[in-house]
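J.: Handing you a structure now.
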Amino acid sequence: MAMVEIGHFALVLAFALALVQTAVPFAGARIGDERLMAAGGPITIAGFLATAFAFAVLTSAYVQSDFSVLNVWENSHSLKPMLYKITGTWGNHEGSMLLWVVILTFFGAMVALFSANLPASLRADVLSVQGLIGAAFLLFVLTTSNPFTRLIPAPFEGRDLNPILQDIGLAIHPPLLYLGYVGFSVCFSFAAAALIEGRIDAAWARWVRPWTLAAWMFLTGGIAMGSYWAYYELGWGGFWFWDPVENASFMPWLAGTALLHSAIVMEKRSALKIWSVLLAILTFSLSLLGTFLVRSGVLTSVHAFATDPSRGVFILAILTLFIGGSLALFALRAGTLTAGGLFHPISREGSLVLNNLFLTTATATVLVGTLYPLLLEAVTGDKISVGAPFFNLTFGPVMLPLLVAVPFGPLLAWKRGDLLAVSQRLFAAFAVAIFATLLVLMLVDSAGAFAAAGVGLSAWLILGPLTDLAMKAAVGSVPVAVSLRRLIGLPRSIIGTALGHLGLGLTTLGIVCTLAFQVEHITVMKPGETTDIGSRQIRFEGFSPVQGPNFTETRALFTAIAADRSESGRVSAAKRVYTARQMPTTEAGILTLGLSQLYVSLGDPTDDGGIVVRIWWKPLVTLIWLGALVMMAGAGVSLTDRRLRVGAPSRRSRAGKANAEVSA
Amino acid sequence: MTRKQKRLAVIGGALVFLGAATALTFYALGQKASYFFMPADLQAASLSPGQRIRLGGLVEPGSIRRGQGTQVSFAVTDTDKSVPVTYTGILPDLFREGQGVITEGTLGADGVFEADSVLAKHDETYMPKEVADSLKEKGIWQEETPGSGS
Numbered sequence: 000m001a002m003v004e005i006g007h008f009a010l011v012l013a014f015a016l017a018l019v020q021t022a023v024p025f026a027g028a029r030i031g032d033e034r035l036m037a038a039g040g041p042i043t044i045a046g047f048l049a050t051a052f053a054f055a056v057l058t059s060a061y062v063q064s065d066f067s068v069l070n071v072w073e074n075s076h077s078l079k080p081m082l083y084k085i086t087g088t089w090g091n092h093e094g095s096m097l098l099w100v101v102i103l104t105f106f107g108a109m110v111a112l113f114s115a116n117l118p119a120s121l122r123a124d125v126l127s128v129q130g131l132i133g134a135a136f137l138l139f140v141l142t143t144s145n146p147f148t149r150l151i152p153a154p155f156e157g158r159d160l161n162p163i164l165q166d167i168g169l170a171i172h173p174p175l176l177y178l179g180y181v182g183f184s185v186c187f188s189f190a191a192a193a194l195i196e197g198r199i200d201a202a203w204a205r206w207v208r209p210w211t212l213a214a215w216m217f218l219t220g221g222i223a224m225g226s227y228w229a230y231y232e233l234g235w236g237g238f239w240f241w242d243p244v245e246n247a248s249f250m251p252w253l254a255g256t257a258l259l260h261s262a263i264v265m266e267k268r269s270a271l272k273i274w275s276v277l278l279a280i281l282t283f284s285l286s287l288l289g290t291f292l293v294r295s296g297v298l299t300s301v302h303a304f305a306t307d308p309s310r311g312v313f314i315l316a317i318l319t320l321f322i323g324g325s326l327a328l329f330a331l332r333a334g335t336l337t338a339g340g341l342f343h344p345i346s347r348e349g350s351l352v353l354n355n356l357f358l359t360t361a362t363a364t365v366l367v368g369t370l371y372p373l374l375l376e377a378v379t380g381d382k383i384s385v386g387a388p389f390f391n392l393t394f395g396p397v398m399l400p401l402l403v404a405v406p407f408g409p410l411l412a413w414k415r416g417d418l419l420a421v422s423q424r425l426f427a428a429f430a431v432a433i434f435a436t437l438l439v440l441m442l443v444d445s446a447g448a449f450a451a452a453g454v455g456l457s458a459w460l461i462l463g464p465l466t467d468l469a470m471k472a473a474v475g476s477v478p479v480a481v482s483l484r485r486l487i488g489l490p491r492s493i494i495g496t497a498l499g500h501l502g503l504g505l506t507t508l509g510i511v512c513t514l515a516f517q518v519e520h521i522t523v524m525k526p527g528e529t530t531d532i533g534s535r536q537i538r539f540e541g542f543s544p545v546q547g548p549n550f551t552e553t554r555a556l557f558t559a560i561a562a563d564r565s566e567s568g569r570v571s572a573a574k575r576v577y578t579a580r581q582m583p584t585t586e587a588g589i590l591t592l593g594l595s596q597l598y599v600s601l602g603d604p605t606d607d608g609g610i611v612v613r614i615w616w617k618p619l620v621t622l623i624w625l626g627a628l629v630m631m632a633g634a635g636v637s638l639t640d641r642r643l644r645v646g647a648p649s650r651r652s653r654a655g656k657a658n659a660e661v662s663a
Numbered sequence: 000m001t002r003k004q005k006r007l008a009v010i011g012g013a014l015v016f017l018g019a020a021t022a023l024t025f026y027a028l029g030q031k032a033s034y035f036f037m038p039a040d041l042q043a044a045s046l047s048p049g050q051r052i053r054l055g056g057l058v059e060p061g062s063i064r065r066g067q068g069t070q071v072s073f074a075v076t077d078t079d080k081s082v083p084v085t086y087t088g089i090l091p092d093l094f095r096e097g098q099g100v101i102t103e104g105t106l107g108a109d110g111v112f113e114a115d116s117v118l119a120k121h122d123e124t125y126m127p128k129e130v131a132d133s134l135k136e137k138g139i140w141q142e143e144t145p146g147s148g149s
């Protein structure tokens, strides 16, 4: 029983450690004391262990259904399946914020462990900034969102978790998303440290890039997972709603993508230094803004577990402190950073600048669309909603030219590129893209110009990076085995780039095909009846009642029939009522056929024994999320590039010395 | 072109792009944002025909009529005025009489609101924020006491 209090204590201890972590290494760096600077590492790791222990205690309270803890009583139930008892730990405001802090201190500890080759004062400053962020959020958790508050007397039964959060998607989505969001805090700390030091060079970019890559990889996964969860759990069949909470995670992703690219220029050509530092600050600022939007209760959504004005004010204060503080630091110190090498507009650098221009503009349009309704309501009291029509008109046109330009970038040379030569190399990809466009126009009656151009663009995006790899591996001009060896021997960052762009192409193809070619049908069906959906048919077999662990449901069984009359599979959709909260939910039925999906959602029963059924045929819809997986794989492969492996330079120098000795 | 002219052309191009994006954003905010109304505010509002708006309030008890197939009609009320709504499709799980709801669509010349989406709620204690705020202003709805709802 006293475990909970020990967990609470560990969290207070973590806060104290975070304060020490802020002050000691920073002071060490200022007065040049080696021991004070070195103390930063162990303190950071201790802070992480204390926070992780607190989180483990909360998780165990959930596992044991300890309803004497207010947070457990509010969000758990003894009959809830074990998996959802565990994941329920972060399925509420307090637990979710604790997870946020655990991941923040985890990244701090990672920096402490893998930064032996950093200059001592830079390392000390990075850990100090990381400690300040940790202290602010630990104070937030302890004062406004304490998950360890007791409830006396303890009730016998909990109130259960919101049923739509009892899902495997939710088990994965928040941790991944937070690994991304919070991972950018490391880039932020590096940027702040560089500004404090007033010194920045290509090595800085090499240290920052792996953290950016890792954070970006997790954020990509988190967003994709959230999108798939909304797709199958909410029963609306949509994969993206331009909901403010979705935008909150999308903005750091866009800015992080820009940072990923500008850091390359900085590392290779030592240009764009000041810009990269600013981007690192902006990316984490957008993560903080996202946390504020989702956690403060200014938006109502599935994420707004509880609204308490003091929380909103507290996070707003954190937001102001860090964004305002870092931008002030930037304004003061950016002038001391020196500008880097010059380059021609048509060059690799030029293409990456173009990428940054478009991505930051796209971020800005999403930011305006997300914040404008909040500002307007605060100023005039008018309530508006900004949805898909706005973003289609603004975000779309901004991103479109960027997508067209993507395949050119990696093929252009540094400093001064030859656009004509690159175009010749990409000629085959371009020809196939045009061919695909014409094919769609001719073959698919319903396809408009948008659909055809979209398919062509996707083909271009998919074939561009493949062409790049094929050229670099000299496929066709040397024996297959040789080019295969060359392909494997290519620098990992080149393979990673190609995979990232390929994934973007696959996601684009999925989005285009789903939007342009999906077939939707709403109808009333009785058992035994058949309905056409596209070239297929679906037969309603009948109802069957099901008793789940903490719900009862009415399940409707369907059989999908292919165009040639053969059965292609069974799918069941359900109406569920969760007993504890008496809350009804709709469970969509999804049948995956190849890369496409048949999606069935139930409405209300009619008086004559039928039921309203909404059926979609969604061609190639799975590519939307598979593309994201390929992007993640690209980031993962890039992370293994030997240039980025932490400690690689020192190992190489040691190996070099060994070689020298051998030859001597 | 000299180096200076080239640089000016690049910067000029970027500025034109940013300007176009800004103009597009303002245009889209004016054209594509949909305003939120309660039934009582609707008469005072000057709507252009076909303008998309959001209509929010409570589902008036006894007003739900199911038509052929998936057609349904109901009335949205703020207890002062009420507006008839038609909708074709599947209603959200927690759509009930007396519950808060937000519908999106266009107001017909006959005063019937043709909705193309009815917003689902995520939680049984959740009241759409716009509706809750407006009802609170009118003093009709009070926040649940802490402990019974979150």
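As given, the protein sequences belong to chains A and B, one line each in that order.
Heads up: the first sequence begins at 0 in numbering that gives the first Met the number 0, then just goes up one per residue.
Heads up: the second sequence begins at 0 in numbering that gives the first Met the number 0, then just goes up one per residue.
Just so you know, even glycine gets a beta-carbon here, dropped at the ideal spot from N, CA and C.
Bear in mind that the values here come from a model prediction, so they are computed numbers and not experimental data.
1. So who's on the other strand from B:VAL117, going by DSSP bridges?
2. Might you give, ordered along the chain, the residues of its own chain that have their beta carbon closer than 8 Å to the beta carbon of A:SER350, omitting 5 neighbours on each side?
3. Please report the straight-line C-alpha distance between A:PHE357 and A:LEU501, rounded to a whole angstrom.
4. Excluding the 5 residues flanking B:TYR125 on each side, which residues of the same chain have their C-beta closer than 7 Å to its C-beta?
5. Terminal residues of the continuous alpha helix (DSSP H) containing A:THR290?
6. Would you call the CB atoms of A:SER188 and A:GLN129 closer than 9 Å?
7. Please return the same chain residues whose Cβ sits closer than 7 Å to the Cβ of A:LYS471, not counting the five positions on each side in sequence.
8. Spatial neighbours of A:HIS260 within its chain, please: CB distance less than 7 Å, with the 5 preceding and 5 following residues excluded, ordered by chain position.
9. If you measure from the beta carbon of A:LYS414 to each beta carbon in chain B, is any gap under 9 Å?
10. Measure the CB-CB distance between A:LYS79 and A:PRO548 and report whether it falls below 9 Å.
11. Can you name, in chain order, every residue of its own chain whose Cβ lies under 8 Å from the Cβ of A:TRP252, other than the five neighbours on each side?
12. Closer than 7 Å by C-beta to A:TRP72: which residues in its own chain qualify, once you throw out the five before and the five after it? Chain order, please.
13. Take B:GLU113 and list the residues in its own chain whose beta-carbon comes closer than 7 Å to its own, dropping the five residues that flank it on each side.
14. Looking at the secondary structure, which residues open and close the alpha helix (DSSP H) in which B:MET37 lies?
15. Cα separation between A:ILE623 and A:MET630?
16. For A:HIS689, which of helix, strand or coil comes out of DSSP?
17. Please list the partners that A:ARG613 has in chain B, where partner means a Cβ-to-Cβ separation under 9 Å.
18. Go ahead and pull the three-state DSSP assignment for A:TRP616.
19. Under 9 Å, Cβ to Cβ, is there at least one residue of chain B near A:THR530?
20. Listed in chain order, which residues of the segment 349 to 376 of chain A have Cβ atoms closer than 7 Å to some Cβ of chain B?
21. Drop a sphere of 10 angstroms on the beta-carbon of A:ILE461, count the other beta-carbons inside from all chains shown, and report buried for 16 or more, exposed for fewer.
22. What whole-angstrom Cβ distance do A:TYR10 and A:LEU137 have, given they're in contact under 8 Å?
23. Helix or strand or just coil, what does DSSP make of A:SER476?
24. DSSP on A:THR50, reduced to helix/strand/coil?
25. Can you confirm whether A:GLY6, when its beta carbon is compared against all beta carbons of chain B, has any partner nearer than 9 Å?
26. Is the segment 577 to 593 of chain A touching the segment 109 to 119 of chain A in the sense that three or more CB pairs, one from each, lie closer than 8 Å?
27. Can you tell me which of the three DSSP states B:ALA74 falls into?
28. Tell me which same chain residues have a C-beta within less than 7 Å of the C-beta of A:ILE102, skipping the five on either side of it?
29. Output, in sequence order along the chain, the residues in the segment 389 to 406 of chain A whose CB is closer than 7 Å to any CB in chain B.
30. At the level of alpha carbons, what is the spacing between A:ARG485 and A:THR466?
31. Rounded to whole angstroms, what is the Cα-Cα separation between A:PRO243 and A:TYR61?
32. So which of B:ALA32, B:LYS5 and B:ALA8 has the shortest CA-CA distance to A:PRO664?
33. Who are the neighbours of A:ILE383 on chain B, taking C-beta pairs under 7 Å?
34. With DSSP as the reference, please indicate the residues paired to A:PRO544 in a beta bridge.
35. Does DSSP put A:VAL443 in a helix, in a strand, or in coil?
36. Quick check: B:GLY56 and B:SER72, are their CB atoms within less than 9 Å of each other?
T.: Here's the rundown:
1. Along the second sequence, read from residue 1 onward, the residue named residue 117 of chain B stands at position 118. Beta-bridge pairing links B:VAL117 to B:THR102.
2. For the purposes of this step, residue 350 of chain A is identified with residue 351 of the first sequence, where counting begins at 1. Counting only Cβ-Cβ distances below 8 Å, and skipping sequence neighbours, we find ALA404, PHE407, GLY408, LEU411 and GLY416.
3. Stepping through the first sequence from its first residue, residue 357 of chain A is reached at position 358. Stepping through the first sequence from its first residue, residue 501 of chain A is reached at position 502. Their backbone Cα atoms lie some 19 Å apart in a straight line.
4. In the second sequence, the residue the question calls residue 125 of chain B occupies position 126. Note that B:TYR125 has pLDDT 48, beneath the 50 cutoff, so the model's placement of it is unreliable and no number is given.
5. On the first sequence, residue 290 of chain A is found 291 positions in, with the first residue counted as 1. It spans 272 to 294 - the alpha helix (DSSP H) in which A:THR290 sits, taken as one unbroken run.
6. The residue labelled residue 188 of chain A in the question sits at position 189 within the first sequence. The residue labelled residue 129 of chain A in the question sits at position 130 within the first sequence. Yes.
7. Locating residue 471 of chain A in the first sequence gives position 472, where the first residue counts as 1. LEU489 and ILE493.
8. For the purposes of this step, residue 260 of chain A is taken as residue 261 along the first sequence, with counting starting at 1. Excluding residues within five positions, the ones whose Cβ falls inside 7 Å are LEU351, ASN354 and ASN355.
9. Counting from one through the first sequence, the residue named residue 414 of chain A turns up at place 415. By this cut-off, A:LYS414 is not an interface position.
10. As a working mapping, residue 79 of chain A is identified with position 80 in the first sequence. As a working mapping, residue 548 of chain A is identified with position 549 in the first sequence. Closer than 9 Å, so yes.
11. Position 253 of the first sequence, counted from the first residue, corresponds to residue 252 of chain A. Same-chain partners within the cutoff: GLY179, TRP215, LEU218, THR219 and ILE222.
12. Sequence index remark: in the first sequence, residue 72 of chain A carries index 73 (1-based). The answer, listed in chain order, is PHE66, LEU150, PRO154, GLY157 and ARG158.
13. To locate residue 113 of chain B, count along the second sequence from 1; it is residue 114. Closer than 7 Å at Cβ, skipping near neighbours: THR85, GLY104, THR105 and GLY107.
14. The count along the second sequence starts at 1 and reaches residue 37 of chain B at position 38. Run containing B:MET37: none; DSSP gives neither H nor E here.
15. In the first sequence, counting from the first residue as 1, residue 623 of chain A sits at position 624. In the first sequence, counting from the first residue as 1, residue 630 of chain A sits at position 631. Approximately 11 Å between the Cα atoms of the pair.
16. Residue numbering for chain A in the displayed model covers 0 to 663; residue 689 of chain A lies beyond these limits and cannot be assessed.
17. In the first sequence, residue 613 of chain A corresponds to position 614, counting from 1. By Cβ distance, chain B contributes THR69, GLY88 and ILE89.
18. Mapped onto the first sequence, residue 616 of chain A falls at position 617. Here A:TRP616 sits in strand by DSSP.
19. Residue mapping note: residue 530 of chain A aligns to position 531 of the first sequence, counting from 1. Not one chain B Cβ lies under 9 Å of A:THR530.
20. LEU356, THR360, THR364, VAL367 and TYR371
21. For the purposes of this step, residue 461 of chain A is taken as residue 462 along the first sequence, with counting starting at 1. By the 10 Å Cβ count, A:ILE461 comes out buried.
22. For the purposes of this step, residue 10 of chain A is taken as the residue at position 11 of the first sequence. For the purposes of this step, residue 137 of chain A is taken as the residue at position 138 of the first sequence. Rather than Tyr, the amino acid found at residue 10 of chain A in this sequence is Leu. Contact holds; Cβ gap of about 7 Å.
23. Here the question's residue 476 of chain A lines up with position 477 in the first sequence. Reduced to three states, the DSSP call for A:SER476 is coil.
24. For the purposes of this step, residue 50 of chain A is taken as residue 51 along the first sequence, with counting starting at 1. Residue state, collapsed to three classes: helix.
25. Here residue 6 of chain A corresponds to residue number 7 of the first sequence, with the count starting at 1. It does not: the Cβ of A:GLY6 has no partner Cβ on chain B nearer than 9 Å.
26. no
27. For the purposes of this step, residue 74 of chain B is taken as the residue at position 75 of the second sequence. Reduced to three states, the DSSP call for B:ALA74 is strand.
28. As a working mapping, residue 102 of chain A is identified with position 103 in the first sequence. Answer for A:ILE102: TYR177, LEU178 and VAL181, listed in chain order.
29. PHE389, LEU392, THR393, PRO396 and VAL397
30. Along the first sequence, one-based indexing puts residue 485 of chain A at 486. Along the first sequence, one-based indexing puts residue 466 of chain A at 467. Cα-Cα distance, rounded: 14 Å.
31. Stepping through the first sequence from its first residue, residue 243 of chain A is reached at position 244. Stepping through the first sequence from its first residue, residue 61 of chain A is reached at position 62. Distance between the alpha carbons of A:PRO243 and A:TYR61 is about 30 Å.
32. The first residue shown for chain A is 0 and the last is 663, placing residue 664 of chain A beyond what the model contains.
33. If you number the first sequence from 1, residue 383 of chain A lands on position 384. Near A:ILE383 (Cβ distances below 7 Å), the residues of chain B are ALA32, SER33, TYR34 and PHE35.
34. In the first sequence, counting from the first residue as 1, residue 544 of chain A sits at position 545. A:PRO544 is bridged to A:THR553.
35. Looking up residue 443 of chain A in the first sequence gives position 444. A:VAL443: coil per DSSP, three-state reduction.
36. As a first step, residue 56 of chain B must be located in the second sequence, where it is residue number 57. As a first step, residue 72 of chain B must be located in the second sequence, where it is residue number 73. Cβ atoms of B:GLY56 and B:SER72: not closer than 9 Å.
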